[in-house]
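**Q** Here it is, the structure, as structure tokens.
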Amino acid sequence: QMLTVGDPQVVANLCNEAWQGEISTILPLGQTDRKTIVETSVNWKLADLDVSAFGYAPVPHNLEKRLCKEDSESQVFLLDSTSGHAPSILKDKTASVDWNQVRNQVFVGVLGSLVVPRPQITTLLGVLSDAGVRFVYFSPRNMRRQKELAAQMGIDVAWNCAISLRPLDAGQEDPHRMMSTYADWDVNARLPHGVDEVRGHLEQVDNVPLLVSLYTDTTKTRTKDMVGIFQEYHDTVLAIGIAHLPRNSGIFAEADIAIGVDVLGGRKALSEDRSSAASITPLTRMMVAELEFATTIASQSCAFHFVGVSSLSSLSLIIQEARAALEACTSAALLFLSSSLSFSFFVFF
Numbered sequence: 043q044m045l046t047v048g049d050p051q052v053v054a055n056l057c058n059e060a061w062q063g064e065i066s067t068i069l070p071l072g073q074t075d076r077k078t079i080v081e082t083s084v085n086w087k088l089a090d091l092d093v094s095a096f097g098y099a100p101v102p103h104n105l106e107k108r109l110c111k112e113d114s115e116s117q118v119f120l121l122d123s124t125s126g127h128a129p130s131i132l133k134d135k136t137a138s139v140d141w142n143q144v145r146n147q148v149f150v151g152v153l154g155s156l157v158v159p160r161p162q163i164t165t166l167l168g169v170l171s172d173a174g175v176r177f178v179y180f181s182p183r184n185m186r187r188q189k190e191l192a193a194q195m196g197i198d199v200a201w202n203c204a205i206s207l208r209p210l211d212a213g214q215e216d217p218h219r220m221m222s223t224y225a226d227w228d229v230n231a232r233l234p235h236g237v238d239e240v241r242g243h244l245e246q247v248d249n250v251p252l253l254v255s256l257y258t259d260t261t262k263t264r265t266k267d268m269v270g271i272f273q274e275y276h277d278t279v280l281a282i283g284i285a286h287l288p289r290n291s292g293i294f295a296e297a298d299i300a301i302g303v304d305v306l307g308g309r310k311a312l313s314e315d316r317s318s319a320a321s322i323t324p325l326t327r328m329m330v331a332e333l334e335f336a337t338t339i340a341s342q343s344c345a346f347h348f349v350g351v352s353s354l355s356s357l358s359l360i361i362q363e364a365r366a367a368l369e370a371c372t373s374a375a376l377l378f379l380s381s382s383l384s385f386s387f388f389v390f391f
């Protein structure tokens, strides 16, 4: 079988027939069906879904033999999505002798996927709020796509709720700005775009950029710069992130306190279970060892290392103990200072 996955409009243009699902029949793919596929994919994209279409074509026996001998990765087809027209395949007569195979596929279906926050995230926000810690989320997605996810996490997505860290040229509008039912708040609010504009806004206008709970279009460099800005304005930064991602190591090192969360801890625990040790292959053991090594390197700056997302429930107790210890140290310092002054007055007077 030759399988195809990609943009719904491109895949639909490559298909002449469509699989009918439960009835297990294949019927011609008409223009009305193509229009329905495109309209459905557009509506799903507007609802912040990642949309992909699938197609397939049976490979003839003679072609199958040749593909087994040749390097299948050498079969390259160019997609033209830079023009203002619909994406299409550049048809080069010399590109491949198997062009008819690509152009005559069977349309299988369209898949829409959505990023859903873990159930523990809402609990974590409540724990941090009860502990007096203000939660700030750095997302690599753009404003429009992050809005729904942020709302599901319990983050306020009303006025002045988010800032994009992607810099814009002078006079340039953000094509991914967050829209609302009453206004384009990102334009009306005049919030800064990019780390440099955030610095300028803080110096010349007000401290609103430090009070929002959502930053979008982030990279590891921009996130690290924002951590530095929070520290410049006398905020104590507690960074929480996935422990096995190397890009988080610099952010962990920049923060005042860092907590690495190993979300794959359950899988690693499987290799330690003696009852299932016989069913684990050497390759699996090697992958687990590599994952542990990467996690150790990336989270070397972390003060705490949590295994499993559920372990974040103990974060409130850690913060409570830390504040109790800080208050005890402060009280001890004040007691020492007052005792020293009292002793000095007693000696000299």
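According to the numbering used here, the sequence shown is numbered sequentially starting from 43.
Quick reminder that beta carbons are idealized off the backbone N, C-alpha and C, glycines included.
Keep in mind it's a predicted model, so treat the numbers as computed, not measured.
1) To which residues does DSSP link Phe149 through a beta bridge?
2) Ala336 and His286 look like a contact to me (Cβ under 8 Å); what is the Cβ gap, rounded to whole Å?
3) Suppose you measure from the CA of Glu115 to the CA of Leu45; what does that come to, to the nearest Å?
4) Output the distance between the C-alpha atoms of Glu363 and Val169, rounded to the nearest integer angstrom.
5) Quick check: the Cα distance between Gln62 and Ala89, rounded to an integer number of angstroms?
6) Is DSSP giving Leu45 helix, strand or coil here?
7) For Val158, count the other beta carbons within 10 Å of its own beta carbon; 16 or more makes it buried, fewer makes it exposed. Which is it?
8) Assuming contact is defined by CB atoms lying nearer than 7 Å, are Ile284 and Val269 in contact in what I supplied?
9) Go through its chain and collect everything with a Cβ distance to Ala345's Cβ below 8 Å, but skip five positions before and after it.
10) For Val305, which of helix, strand or coil comes out of DSSP?
11) Look at Val237 and Leu207 and say whether their C-beta atoms are less than 7 Å apart.
12) Less than 7 Å between the C-beta atoms of Thr260 and Phe180, yes or no?
13) In this structure, does DSSP put Leu233 in helix, strand or coil?
14) Here's a check: name, in chain order, each residue in its chain whose Cβ is nearer than 7 Å to the Cβ of Leu69, leaving out the five neighbours to either side.
15) Check whether the segment 349-362 and the segment 144-162 touch, using three or more Cβ-Cβ pairs below 8 Å as the test.
16) Using CA coordinates, which residue listed in Lys189, Ala95, Glu332 is at the minimum distance from Val150?
17) Do Gln147 and Leu56 have their C-beta atoms within less than 7 Å of each other?
18) Hey, how far is the Cα of Asp134 from the Cα of Leu210?
19) Does the Cβ of Asn290 have 16 or more other Cβ atoms within 10 Å, making it buried, or fewer, making it exposed?
20) Would the beta-carbon of Leu36 fall within 7 Å of that of Leu156?
21) Three-state secondary structure (DSSP) at Pro70?
22) What's the gap between the Cα of Ala374 and the Cα of Arg365?
23) May I have the straight-line CA-CA distance separating Val389 from Ala367, to the nearest angstrom?
24) Are Ile197 and Leu244 close, meaning C-beta to C-beta below 7 Å?
25) With a CB to CB cut of under 7 Å and the five nearest residues on each side skipped, what residues in its chain are close to Arg264?
26) Pick from Lys87, Ala54, Asn85: whose alpha carbon is nearest that of Asp75?
27) Is it right to say Thr67 is buried, meaning 16 or more other beta carbons lie within 10 angstroms of its own, or is it exposed?
28) Give me the Cβ distance between Arg241 and Ile205, rounded to the nearest whole Å; I'm assuming they're in contact under 8 Å.
29) Whose C-beta lies closer than 8 Å to the C-beta of Ser380 among residues of the same chain, with five residues either side of it excluded?
30) How many angstroms separate the CA atom of Leu306 from the CA atom of Phe385?
31) Less than 7 Å separating the beta-carbons of Gln143 and Ala192?
32) Considering just the uninterrupted stretch of the alpha helix (DSSP H) at Val269, what are its terminal residues?
33) Tell me the residue span of the alpha helix (DSSP H) that contains Phe177.
34) Give the straight-line distance between the Cα atoms of Ser341 and Ile79, rounded to the nearest whole angstrom.
**A** Taking the coordinates as given:
1) Ala60, Gly97
2) 5 Å
3) The pLDDT assigned to Glu115 is 49, lower than 50, so where the model puts this residue is not dependable, and the model offers no usable value.
4) 14 Å
5) 26 Å
6) strand
7) exposed
8) no
9) Ile299, Ala300, Ile301
10) coil
11) yes
12) yes
13) coil
14) Glu59, Ala60, Gln62
15) yes
16) Ala95
17) yes
18) Residue placement at Asp134 is poorly supported in this model, since its pLDDT is 49, which falls under 50; the coordinates still yield a value, given next. Cα to Cα, Asp134 sits roughly 38 Å from Leu210.
19) buried
20) The structure shown does not extend to residue 36, since the chain is modelled only from 43 through 391, so no value can be given for it.
21) strand
22) 14 Å
23) 33 Å
24) no
25) Leu207, Val237
26) Ala54
27) exposed
28) Rounded, the Cβ-Cβ distance is 12 Å, inconsistent with contact.
29) none
30) 57 Å
31) no
32) 262-274
33) Phe177 -> no alpha helix (DSSP H), and no H or E assigned at all.
34) 45 Å
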